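Visitor:
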Amino acid sequence: MKRKHKESLTSLAILSPSIITLAVFVYGFISRSVQISLLDWDTFSSFMRKAKDYVGLENYAGLFREARFQTDLWNTLYFTLFFILGCLAIGILLSLILNNKPKGGYFFQNLYLFPMAISFVVTGTVWRWIFAPGRLPDNPRGINLLFEQLGLDVFQWGWFTSTGNFLGFNIALVAVIIAAVWQYSGYTMAMWLAGLRGIDQQLIEAARIDGASKWQVFTKILFPIQKPITLSAIIVLAHVSLKAFALIYAMTGSGPNNVTDIPAVYMFEATFRSNRYSTGSAIAIVLLMMVGLLIIPYLVNSFKEE
Amino acid sequence: MLLKKSAVLSVLVMVALLFVFSFSALAQEGEVEIFSWWTGGGEEEGLNALIELFNEQYPDVEVINATVAGGAGSNAKAVLKTRMVGGNPPDSFQVHGGAELVDTYVETGMMEPITGLLEEWGVKDKFNQQILEMSSYEGEYYSIPVNVHRSNIMFYNNQVLSENNVEPPTDLASFKEALAKLDEAGVVPLALGDTNKWPAGQIFETLLVATLGPDGYNGLWDGSTAPDDPAVREALVHFKDIMQYVNEDHSALTWQDATQLVNEGEAGFNIMGDWAEGYLKTLGWTPGEEFGWTPVPGSEGTFIVVTDTFGLPKGAPHPENAKKWLKIISSKAGQDTFNPIKGSIPARLDADKSKYDPYLTSAMEDFASDTLAPSIVHGSAAPEGFITAMNDTINSFITTGDVDQAFKSFQQNYEEYVQ
């Protein structure tokens, strides 16, 4: 009994630095942000005076009325959706191909994973060069120039400078989504490949003998077995997409008429460019709730399973 | 065990040494920390020349050159704010004169007035008085302007213009005609690179000056001009007309890219602050030969000012040394050392014109005779909240082209942040 007591004390002592830092730097700062988002600190002087004049949810209401923030929410929705779908589709496809152990499989396995090792800032800068449209039709640049050389002029368009909009989807986001999928599909591939390698080959062989087509093997056997892995990948990708600040900031900025703006970019500009600390905090809290919306069901689910 | 002991011992010795070193650093009184975002071409060399001048006069004071990189001080301003709020100010720091200084740091009581110093050194009447006024609050001056840039200036490629028989425009009507003519000839009439939004906002502020006139424009900031003045709407209409003639990939370019279009002969005109002149020179051009300049049509007689200034924060660790720094930069020698290298003009009116190139000399003449107006997008006219809001409005306006909507949100922004 005494020993157990001592053990728990030791573990508490070892854990305490991380508990304390978590409490201060995560939960303390979250509650501070909540508090600031309820105050009227939208000028530098009110911030300096530290005036405690609460305005309730007014900052949030104002935010949701703003055209820029509405665009941001649409952009986040579509970006997250297509980013996850793209990463899953390409990642799963790559893992299926690599799982057949083709020649040079190890090489490609690493090749596809490499983009994950570089930061979003680098990705953004490079893809910015690639997708900078130039002036069409006579002075194309980047990928548009490549299309011209290949005689594929029909594929030339304004990429991230385009202001076209389809059902709330700003088509300029296509360029950003391609860059993000390029970086993260290797991640889905690695997750899936690890799972696939653990599946008993007899299972698949048995199904094939029973006359299942390759597609049926995929939909009826592989996909259901890999469901937990896919779900984890979705959770990770979803929160990456909410934190795509660095990619957007380096690649396009908020774009013409905010076509490539996301809440994180707006949060940064509101807080550090315009001294609207309360608005910035309100955006931060909305972002936090969006992440929570994704992650809490997942956590509840995994607790239940345990 | 032995190994462990010696390891512990060596760590202890190192920590002790670190303490000794840091305390000896603290004990050094002969320092002055100068905070700026001058890290780019020209400006860095200018700053180094200033520091050299300082060292000649005060050899026992060591300058700590604290710079934070990032265009137009975007990162430096955030770092500075954190330091000021955290009670850890540098001895002196770069700040755009006007609202950026007054609204943020003077009204909140973080700066020392320096009117007395200016009088003591006998330099107060050497400066353009209008520019000193910009950084004043309740009758006291709070910072010393080192350099002056002009935002309402337009550069053009002489060859492109002459090949297409276009004369440099003198008013908005002839400007639009010139743009249309270049458009027909198949060159980009007006180069714009507004991926960072402010270059478009800057064009709009020059048009505001053109339609409101200098007094009407300056009246916006003291309340004597209403934000729903029809001239504001008129400026938006002109802006929309002019935007038809910009390169279509403007939102993918920076201001340097746009200036380069003029340099490469692909575009005729470029409206940009006169730091673009320095950039054109680094691209190998000589002012007056390959390129010409004119105030943005309609804004002649007004000089929209972008000025870097230095002040004295309260609680500076070495205020006496900071005053020495301020004395250097307010001197004629200091201003004439820094500005020719940086590619800007001095805020003093008695500078040595022979040190400056033909463009800068003409800017100095205008600076002495024109009405000065503070720039919005560069922080001198209005609080930072208004700048971002206006840039957002203009950014959306370029796409939507909805004049009434833009006019309405201009007024809303004004009511929210300026009044």
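Chains as they are written, first to last, in the working numbering: chain A, 1210 to 1515; chain B, 700 to 1118.
No residue lacks a Cβ here, since even glycine has one placed at the ideal position from N, Cα and C.
Since the structure is predicted, the reported quantities are computational estimates derived from the model, not experimental observations.
Return no unless some Cβ of chain B is closer than 9 Å to the Cβ of Gly1501/A.
Guide: Here residue 1501/A is taken as the residue at index 292 of the first sequence, counted from 1. Chain B contact via Cβ: absent.
Visitor: Can you list, in chain order, the residues of its chain with a C-beta nearer than 8 Å to that of Leu725/B? Leave out the 5 residues immediately preceding and following it.
Guide: Within the second sequence, residue 725/B is the residue found at index 26, counting from 1. Here the model assigns Leu725/B a pLDDT of 48, short of 50, so the residue's position is not dependable, and the following value carries that caveat. For Leu725/B, where only same-chain residues beyond five positions count, there are no Cβ hits under 8 Å.
Visitor: Pick out whichever of Gly912/B, Thr894/B, Asn917/B has its Cα sitting closest to the Cα of Thr1461/A.
Guide: Taking the first sequence and counting its residues from 1, the one referred to as residue 1461/A is at position 252. The candidate whose alpha carbon is nearest that of Thr1461/A is Thr894/B.
Visitor: Tell me the rounded alpha-carbon separation between Arg1212/A and Leu1218/A.
Guide: Counting from one through the first sequence, the residue named residue 1212/A turns up at place 3. Counting from one through the first sequence, the residue named residue 1218/A turns up at place 9. Using only the alpha carbons, I get a separation of about 10 Å.
Visitor: How many Å lie between Tyr1396/A and Leu1290/A at the Cα?
Guide: Locating residue 1396/A in the first sequence gives position 187, where the first residue counts as 1. Locating residue 1290/A in the first sequence gives position 81, where the first residue counts as 1. Each residue's Cα considered, the two are about 17 Å apart.
Visitor: Mind listing the chain B neighbours of Asp1251/A? Cutoff is C-beta to C-beta under 9 Å, in chain order.
Guide: Taking the first residue of the first sequence as position 1, residue 1251/A is located at position 42. Those within 9 Å of Asp1251/A in chain B are Gly1084, Glu1115, Tyr1116.
Visitor: The segment 791-821 of chain B: which residues have C-beta closer than 7 Å to a C-beta of chain A, in chain order?
Guide: Under the 7 Å Cβ criterion, the segment 791-821 of chain B contributes Asp802, Thr803, Glu806, Thr807.
Visitor: Go ahead and pull the three-state DSSP assignment for Tyr841/B.
Guide: Here residue 841/B refers to the residue found at position 142 when the second sequence is read from its first residue. In this structure, Tyr841/B counts as coil in the three-state DSSP scheme.
Visitor: Would Ser1450/A be called buried (16 or more neighbouring beta carbons within 10 Å of its own) or exposed?
Guide: Start at 1 with the first residue of the first sequence, and residue 1450/A comes out as number 241. Result: buried.
Visitor: Got a sec: which bits of the segment 1086-1097 of chain B sit with their beta carbon under 8 Å from any beta carbon on chain A, in order along the chain?
Guide: Residues passing the 8 Å Cβ filter: Ile1086, Thr1087, Ala1088, Asp1091, Asn1094, Ser1095, Ile1097.
Visitor: Are the beta-carbon atoms belonging to Pro996/B and Ala879/B less than 9 Å from one another?
Guide: For the purposes of this step, residue 996/B is taken as residue 297 along the second sequence, with counting starting at 1. For the purposes of this step, residue 879/B is taken as residue 180 along the second sequence, with counting starting at 1. Cβ atoms of Pro996/B and Ala879/B: not closer than 9 Å.
Visitor: Rounded to the nearest angstrom, what separates Val719/B and Thr1480/A at their Cα positions?
Guide: Within the second sequence, the letter at position 20 stands for residue 719/B. Within the first sequence, the letter at position 271 stands for residue 1480/A. Note that Val719/B scores a pLDDT of 49, beneath 50, so its modelled location is shaky; the value from the coordinates is reported in the next line. Using only the alpha carbons, I get a separation of about 39 Å.
Visitor: Closer than 9 Å between beta carbons: that is the criterion. Which residues of the segment 1236-1268 of chain A meet it against chain B?
Guide: Taking 9 Å as the Cβ-Cβ cut-off against chain B, the residues of the segment 1236-1268 of chain A that qualify are Asp1251, Thr1252, Phe1253, Ser1254, Phe1256, Met1257, Arg1258.
Visitor: Residues in its own chain within less than 6 Å of Asn1467/A by CB, not counting five upstream and five downstream?
Guide: Counting from one through the first sequence, the residue named residue 1467/A turns up at place 258. So the list reads Arg1277, Thr1280, once near-sequence residues are dropped.
Visitor: With distances taken between CB atoms, is the gap from Ala951/B to Met971/B smaller than 9 Å?
Guide: The residue labelled residue 951/B in the question sits at position 252 within the second sequence. The residue labelled residue 971/B in the question sits at position 272 within the second sequence. No, these two residues do not count as a Cβ contact at 9 Å.
Visitor: Can you pull the DSSP bridge partners for Pro1018/B?
Guide: For this step, residue 1018/B is matched to residue 319 along the second sequence. DSSP lists no partner for Pro1018/B.
Visitor: Around the Cβ of Glu1323/A, are there at least 16 other Cβ atoms within 10 angstroms (buried) or fewer (exposed)?
Guide: For the purposes of this step, residue 1323/A is taken as the residue at position 114 of the first sequence. Rather than Glu, the amino acid found at residue 1323/A in this sequence is Phe. By the neighbour-count rule (16 or more Cβ atoms within 10 Å), Phe1323/A is not buried but exposed.
Visitor: Note down, in chain order, all residues in the segment 1477-1499 of chain A with a beta-carbon under 8 Å from any beta-carbon belonging to chain B.
Guide: Residues passing the 8 Å Cβ filter: Glu1478, Ala1479, Phe1481, Arg1482, Ser1483, Asn1484, Arg1485.
Visitor: For the alpha helix (DSSP H) that Asp1362/A lies in, which residues bound it at each end?
Guide: Start at 1 with the first residue of the first sequence, and residue 1362/A comes out as number 153. Asp1362/A -> no alpha helix (DSSP H), and no H or E assigned at all.
Visitor: Buried or exposed for Phe1375/A, please, with buried defined as at least 16 other CB atoms from any protein chain shown within 10 angstroms of its CB.
Guide: On the first sequence, position 166 is the one that residue 1375/A refers to. Phe1375/A comes out exposed.
Visitor: How close, in whole Å, do the beta carbons of Ala899/B and Leu891/B come, if the pair is a contact with beta carbons under 8 Å?
Guide: Taking the second sequence and counting its residues from 1, one reaches residue 899/B at position 200. Taking the second sequence and counting its residues from 1, one reaches residue 891/B at position 192. Going by Cβ atoms, the distance from Ala899/B to Leu891/B rounds to 7 Å, so yes, they are a contact pair.
Visitor: Compile a chain-ordered list of the residues in the segment 932-952 of chain B whose CB is closer than 7 Å to at least one CB of chain A.
Guide: Taking 7 Å as the Cβ-Cβ cut-off against chain A, the residues of the segment 932-952 of chain B that qualify are Asn946, Glu947, Asp948, Ser950, Ala951.
Visitor: Less than 9 Å between the beta carbons of Ile750/B and Thr1008/B, yes or no?
Guide: For the purposes of this step, residue 750/B is taken as residue 51 along the second sequence, with counting starting at 1. For the purposes of this step, residue 1008/B is taken as residue 309 along the second sequence, with counting starting at 1. Cβ atoms of Ile750/B and Thr1008/B: not closer than 9 Å.
Visitor: Could you please give the first and the last residue of the uninterrupted alpha helix (DSSP H) stretch that includes Val1102/B?
Guide: In the second sequence, the residue the question calls residue 1102/B occupies position 403. Per DSSP, Val1102/B belongs to the alpha helix (DSSP H) from 1102-1116.
Visitor: Taking 9 Å as the threshold (beta carbon to beta carbon), is Asp1281/A in contact with chain B?
Guide: Residue numbering aside, residue 1281/A sits at position 72 when the first sequence is read from its first letter. It does not: the Cβ of Asp1281/A has no partner Cβ on chain B nearer than 9 Å.
Visitor: Taking only beta-carbon positions, decide if Asn1369/A is within less than 9 Å of chain B.
Guide: On the first sequence, residue 1369/A is found 160 positions in, with the first residue counted as 1. Going by the sequence as given, residue 1369/A is Phe instead of Asn. Output row for Phe1369/A: interface = yes.
Visitor: If I'm right that Ala1046/B touches Ser791/B with Cβ under 8 Å, what's the distance once you round it to whole angstroms?
Guide: As a working mapping, residue 1046/B is identified with position 347 in the second sequence. As a working mapping, residue 791/B is identified with position 92 in the second sequence. Not quite, the Cβ-Cβ distance comes to about 16 Å (not below 8 Å), so this is no contact.
Visitor: Among residues of its own chain, excluding the 5 on either side of Ser1227/A, which ones have a beta-carbon nearer than 7 Å to its beta-carbon?
Guide: Locating residue 1227/A in the first sequence gives position 18, counting from the first residue. Excluding sequence neighbours, Ser1227/A sits near nothing in its chain.
Visitor: Does DSSP put Glu1414/A in a helix, in a strand, or in coil?
Guide: Walking along the first sequence from the start, residue 1414/A turns up at place 205. Correct three-state label for Glu1414/A: helix.
Visitor: When the cut-off is 9 Å and only beta carbons count, does Asp1347/A lie next to chain B?
Guide: Here residue 1347/A is taken as the residue at index 138 of the first sequence, counted from 1. Closer than 9 Å: yes.
Visitor: What's the call for Ser721/B, buried or exposed, on a 16-neighbour Cβ count within 10 Å?
Guide: Translated into the one-based positions of the second sequence, residue 721/B becomes position 22. Low confidence applies to Ser721/B: its pLDDT is 49, below 50, so where it sits in the model is not reliable, and the reading given next is rough at best. It is exposed - the Cβ of Ser721/B has fewer than 16 other Cβ atoms within 10 Å.
Visitor: What residues in its chain sit with their C-beta under 8 Å from that of Ser723/B, if we drop five residues either side in the sequence?
Guide: To locate residue 723/B, count along the second sequence from 1; it is residue 24. Residue confidence for Ser723/B is low, a pLDDT of 44 falling below 50, so the modelled location carries little weight; the figure read from the coordinates is stated next. Cβ within range, chain order: n/a, list empty.
Visitor: Using alpha carbons as the reference points, say which of Ile1386/A, Ser1328/A, Gln1358/A, Ala1232/A lies closest to Phe1288/A.
Guide: Looking up residue 1288/A in the first sequence gives position 79. Nearest option by C-alpha distance: Ile1386/A.
Visitor: Below 7 Å on C-beta distance, what does Pro1465/A contact in chain B?
Guide: Taking the first residue of the first sequence as position 1, residue 1465/A is located at position 256. Ordered by position in chain B, the residues that pass the 7 Å Cβ test against Pro1465/A are Ser950, Asn1094, Ile1097, Thr1098.
Visitor: Applying the 10 Å Cβ sphere with the 16-neighbour rule, what's the burial state of Leu701/B?
Guide: Translated into the one-based positions of the second sequence, residue 701/B becomes position 2. Low local confidence applies: a pLDDT of 48 at Leu701/B is under 50, so the model's placement there is unreliable, with the coordinate-based value given in what follows. Exposed, since its Cβ has fewer than 16 Cβ neighbours within 10 Å.
Visitor: Please report whether the beta-carbon of Val1076/B lies at a distance below 9 Å from any beta-carbon of chain A.
Guide: Here residue 1076/B refers to the residue found at position 377 when the second sequence is read from its first residue. No, its Cβ sits nowhere closer than 9 Å to a Cβ of chain A.
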